[in-house]
Amino acid sequence: MKMEGKELRIKTFLSHNTRRIMTYLIAAFLLILLGYYLPRVLPGDYVTAMYSQSQAIITEEEEAWLKAEYADKESFCEYIIALVTLDWGYSLVFSEPVSDLIFSALPWTLFLLGSAHLLAMIIGFIAGVEAAWRRGPLEKLSVGLMTFLEGAPEIATGILLLFIFALVLGWFPAAGGETAYAGYGMFRWGLDVLYHTILPFITLFFAYLPGNFLLARGSMIVILKSPFLKTAYAKGLPSLRVRYGHGARNALLPVVTRFGLRFSFMLTGALVVETIFSYPGLGTLLFKSIALRDLPLIQAIVLFSSLLVLTVNIALEICYRFLDPRVRNET
Amino acid sequence: MVEIENYSAVYQDGNHSLLALDRVTFSLNEGYITVLIGESGSGKTTMANAIMGLLPKNTVTEGSIRLNGDELTHLDDDSYRKLRWRTMAMVFQNSAAVLNPVQRIVNQVAEPLIYHLGIKKEEALQITEKKLAHMSISSDEMFRYPHELSGGQIQRTLFAMALILNPRVLILDEPTSAMDAALKAFMISLLKELKSKGTAILLITHDLDLAVKTADEAIMLYLGQIMEVLPARDLMQTLFHPCTVAMCRSFPTMDAVRDLGGMRGDAFYRYTHVHRLSDGKTEPHVHIAAGADREGGHAPILGCLFRPRCTQAVEECGRTSIQLTQAGTHKVRCVRGGIVDLLQLKQIKKAYGRITAVDNASVSLRAGEILTIVGETGSGKTTLAMIAAGAIEQDSGMRTFKDRTIDEWIKNERFSFASEVGIIYQNPAESVSHRFTVYDIVAEPLHIQNKSSGAAASKKRSGTQNEEERKKVLNALTDVHLPVEPDFLMRHPHELNMGAIQRLCIARALVHDPVLIVADEPTSALDPSVQAKVIKLLLNLQIEKGLTIIFVTHDIGVARKISDRICVMLAGRIVEIGPASKIINEPRHPYTELLIDSARGELIHFESPKSEQSVSPDGCPFANRCSRRVGKCLEMNPPCSNVQGQSHLFWCFNPVVLFSYDKKMRTDGEK
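Chains B and H, in that order, give the protein sequences.
Here the first sequence is numbered in the numbering used here, starting from 1 and rising by one per residue.
Here the second sequence is numbered in the numbering used here, starting from 1001 and rising by one per residue.
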């Protein structure tokens, strides 16, 4: 009896999810379509961009020849086939396969953004829950501080941190993801990477923390007033169990939702911070490629990052279904 | 087990604070079910929360709550936590919101086992499964989430959760609000089972029927004060405090026959706040405010809280602070000791020449009660009612009104007594003069009263008096929903329909604010639709003005709808008297049964009169027609007997024993 019920539940769960995944596939296709056409309507081109900043003078013939050389002749069909075969073309600027460029930049970005995001979420959440639990002067102070931090854009904190800790105090490196050509062993290399990551990490961490904290605190305060929390308290459960098993467990839901929403903005955040610290991630790459109108690279990065956001959202949606049983039966 | 002594709780809310409980004292005992009744906002749930230690932190409390002698009010959080659920548990007011939406119910029910007793999770789940099965929640259902359950399933889950650690004290907050009848029956049996196991139970409910069926003791709360403590079986039957009476009258039970009454006015919350005086001293201060309006009038701290809504309030009620005092098996907080007897008739006899109209009738009437006298024509109903109204003098016997002898009162101050009683006569068309206008008809009693007082001896009435009179007349007309336009006031009775004339008669009876209304067949001349309106009107007046009404009718169907008590008369004697529900559903006297059956059109027990044996004048007046007659019925009048523990009296040697319902089942079976 019990198993039957469970199987049935899994079955409906799956069929429901195939439908969702279909929608995501359609979304992905639209993204590819946009990724193909949008860069093509971008004003300016690689040749103009290259020579507008240089002293070199080229004749009109030469320019026409260059433009023809770099013009995009790929049709949409060819583009799709190329995409699937991971043949994303050559970067005009770096003269390297675009896929190589992206995959060498990706780990850096993932490491930086992932750690900042996750830590900001976990710490912000716990701090928010605790703040809501012990309302008082300390809580008021932290809320004020967080609201202030929430208002400070990462471009400001980034530059400030760079100025103070890298340029004035010289405690941390000002640029790069690792010490170039150091030839460190595995362990030393790891430490070196961490050392380089600290400033951009802190910048991002403080950019993400206040939102998480304020949201967690807000939703926890609402949860604390709900009748089921009174039930849990009345049951004489230990305080930790009441706070986390019943309270925080429910306060988690909006925080997770926010994580998904914020993830879409991840790349913009990365763009600014990575550029400030010259961090060898996707953001820096994107910035450079846009500046130089490196069409294949822009196209690939935009597409890749939007697909990444889409994937994360799918993952979160599935995760949310486990977190909140109430949305499971909804269509 | 749990003793609550002089417990007060004040919710803090800005400058004002809400006094939710005011010096409440009672106790919960092993194997004993105490029920708290009262309107919403009377402090029932606050009491439950106070015992569980769940009041908001900033609540100001006073007095003590003891569990087996140990004081709970000063207990630190951790010790209280250990007490909760293990020793005392609570079933919260039913709604899915009291369960965590993201946890399976089985886990929520099992939680106390794991965290209080340190039982391993697997084992705890097994115990929980058994407990839930006991509450008829299947092993499939128990893995559901709260939003996947019906209201009844949630209620049973809450029960299972509360009982999981077998607590010795159980508090139930409105357990039946989302329950169907079957579930209610299940719960009643569950409560009885718990009671036999020695659990001390506090039941909070609006459902008085449930209270009667399960509880031992009932406590009536009004605005945080205990108004009456009574044995639960007396609910719906024998009530002392006007507040309890109004409450019970409002409740629809299966055997209530009278139309629902209600409590007049609105519920009031009390706010206390502190006035700072100029010399730095502070003075606590209570407000009574309607609903959310906290700026209501400054009411004195003294006196009865129910006074504004009470139908028998006297000046004294507002003057002294009132304590709970023992009255028989009840405890009542009322200056007047609960509902007072307004009118008492003792062994009244009245004969018109050789015809005995009333023979040895004793009736007492409580304030705010509707007593209906039913019986066939010539049974002496009208005579008895008119004797009560002071319109006819009895031959022998005593009659007292407001603790004064009526005869003496009438002899000394005839008009003053007359202003206490309003009479509505049998035939409306004939009881008004056709030469009078509407205004004059209603104003006539006032004219008579004024003539009696010395000032009005001079025929010229002053202007102010005229004004006052007009106001009274218009008020009376408004009370009976008649128009007050000048045009209408100048009409003559023949221009009005029968319903309007009857209303006019009622207005005339009401014009000098009487305490007692004697209505003699007020509806027999009316068609059913008008009759319904007039009955509704009388009931409404009764609730709003707290009138005491003697209602005379031959129609037991009408009596059923309007009465608190019914008195059945036959040949000048009272043969049965008691609460209306009892008389209608469980009549004891064969004559009452006959009346009811014939009203129902089912004369199943009517047999042609038995042999015309001579009945001695002392014999039972029904003996000749009675199918249950025994030998002595012919010789002597049966003595008064009462149904055990009830105020239901009857005069019969061989009363009907079966309840009419069962009886009908049986006779149907025989057919």
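Where a beta carbon is used, it is the ideal one built from N, C-alpha and C, also for glycine.
Run of the alpha helix (DSSP H) containing residue i, from where it starts to where it stops
{"i": "Phe1415/H", "result": "1414-1418"}
{"i": "Pro1231/H", "result": "From DSSP, Pro1231/H is part of no alpha helix (DSSP H) but of the beta strand (DSSP E) over 1225-1231."}
{"i": "His196/B", "result": "186-224"}
{"i": "Thr85/B", "result": "Note, Thr85/B: premise wrong, no alpha helix (DSSP H); not H, not E."}
{"i": "Asp1207/H", "result": "Careful: Asp1207/H lies outside any alpha helix (DSSP H) and carries neither H nor E."}
Min CB distance residue i to chain B below 8 Å
{"i": "His1074/H", "result": "no"}
{"i": "Phe1092/H", "result": "yes"}
{"i": "Lys1082/H", "result": "yes"}
{"i": "Ala1097/H", "result": "yes"}
{"i": "Leu1054/H", "result": "yes"}
{"i": "Trp1409/H", "result": "no"}
{"i": "Arg1156/H", "result": "no"}
{"i": "Arg1086/H", "result": "yes"}
{"i": "Tyr1011/H", "result": "no"}
{"i": "Tyr1007/H", "result": "no"}
{"i": "Tyr1145/H", "result": "yes"}
For residue i, the first and last residue of its enclosing beta strand (DSSP E)
{"i": "Tyr988/H", "result": "For residue 988/H there is no data in the structure shown, the boundaries of chain H being 1001 and 1671."}
{"i": "Phe1551/H", "result": "1548-1553"}
{"i": "Tyr233/B", "result": "Run containing Tyr233/B: none in the beta strand (DSSP E); it sits in the alpha helix (DSSP H), 227-234."}
{"i": "Asp1487/H", "result": "Note, Asp1487/H: premise wrong, no beta strand (DSSP E); alpha helix (DSSP H) at 1486-1489."}
{"i": "Glu178/B", "result": "Per DSSP, Glu178/B belongs to no beta strand (DSSP E) and is neither H nor E."}
{"i": "Met1220/H", "result": "1217-1222"}
{"i": "Ser1641/H", "result": "1640-1642"}
{"i": "Thr1325/H", "result": "1325-1327"}
{"i": "Lys1331/H", "result": "1330-1332"}
{"i": "Ile1577/H", "result": "1573-1579"}
{"i": "Ser1396/H", "result": "1396-1401"}
{"i": "Phe1650/H", "result": "1649-1651"}
{"i": "Leu307/B", "result": "Counting along the chain, Leu307/B falls outside any beta strand (DSSP E), though it belongs to the alpha helix (DSSP H) covering 295-323."}
Contact set for residue i: own chain, Cβ-Cβ below 8 Å, skip 5 residues either direction
{"i": "Tyr1222/H", "result": "Gly1038, Glu1039, Ser1042, Cys1243, Leu1305, Phe1306"}
{"i": "Leu416/B", "result": "The structure shown does not extend to residue 416/B, since chain B spans only 1 to 331, so no value can be given for it."}
{"i": "Lys1663/H", "result": "Interpretation of Lys1663/H is limited by its pLDDT of 47, a score under 50 that renders its predicted location unreliable; the figure taken from the coordinates is listed afterwards. Cβ neighbours of Lys1663/H beyond the five flanking positions: Val1656."}
{"i": "Arg262/B", "result": "His117, Tyr208, Gly211"}
{"i": "Asn1006/H", "result": "Arg1023, Val1024, Thr1025, Glu1062, Gly1063, Ser1064"}
Chain H within 8 Å of residue i, Cβ atoms only
{"i": "Leu83/B", "result": "no"}
{"i": "Arg326/B", "result": "yes"}
{"i": "Leu33/B", "result": "no"}
{"i": "Leu323/B", "result": "yes"}
{"i": "Val129/B", "result": "no"}
Neighbourhood of residue i by C-beta distance below 6 Å, restricted to the same chain and skipping five residues each side
{"i": "Phe1417/H", "result": "Gly1390, Trp1409, Ile1410"}
{"i": "His1241/H", "result": "Met1227, Glu1228, Val1332, Cys1334, Gly1338"}
Beta-carbon proximity list for residue i, same chain, < 7 Å, skipping 5 on both sides
{"i": "Lys1402/H", "result": "Leu1342"}
{"i": "Ala1351/H", "result": "Ala1357, Asp1395"}
{"i": "Ile1501/H", "result": "Pro1428, Ala1429, Val1432, Pro1493"}
{"i": "Met1236/H", "result": "Leu1208, Val1212, Cys1248, Thr1253"}
In the region 214-237 of chain B, which residues sit with their C-beta less than 9 Å from some C-beta in chain H, listed in chain order? Ser226, Pro227, Phe228, Leu229, Lys230, Thr231, Ala232, Tyr233, Ala234, Lys235, Gly236, Leu237
Residues of the region 303-318 of chain B in Cβ contact with chain H at a cutoff of 9 Å, in chain order, please. none
Can you pull out the residues from the region 1308-1327 of chain H whose beta carbon lies closer than 8 Å to at least one beta carbon of chain B? none
Are three or more beta carbon pairs between the region 1163-1176 of chain H and the region 1054-1065 of chain H nearer than 8 Å? no
Contacting positions in the region 242-259 of chain B - beta carbon closer than 7 Å to chain H: His246, Arg249, Asn250
Members of the region 277-299 of chain B near chain H, C-beta cut-off 8 Å: none
Closer than 7 Å between beta carbons: that is the criterion. Which residues of the region 1098-1125 of chain H meet it against chain B? Taking 7 Å as the Cβ-Cβ cut-off against chain B, the residues of the region 1098-1125 of chain H that qualify are Val1098, Leu1099, Asn1100, Pro1101, Val1102, Glu1111, Pro1112, Tyr1115, His1116.
Taking contact to mean 3 or more Cβ pairs, one atom from each stretch, closer than 8 Å, check whether the region 1543-1562 of chain H and the region 1354-1362 of chain H are in contact. Contact fails: fewer than three Cβ-Cβ distances are below 8 Å.
Touch check for the region 1083-1101 of chain H and the region 1160-1167 of chain H: three-plus C-beta pairs under 8 Å? yes
Check whether the region 1313-1321 of chain H touches the region 1556-1564 of chain H, taking contact to mean three or more Cβ pairs, one atom from each stretch, closer than 8 Å. no
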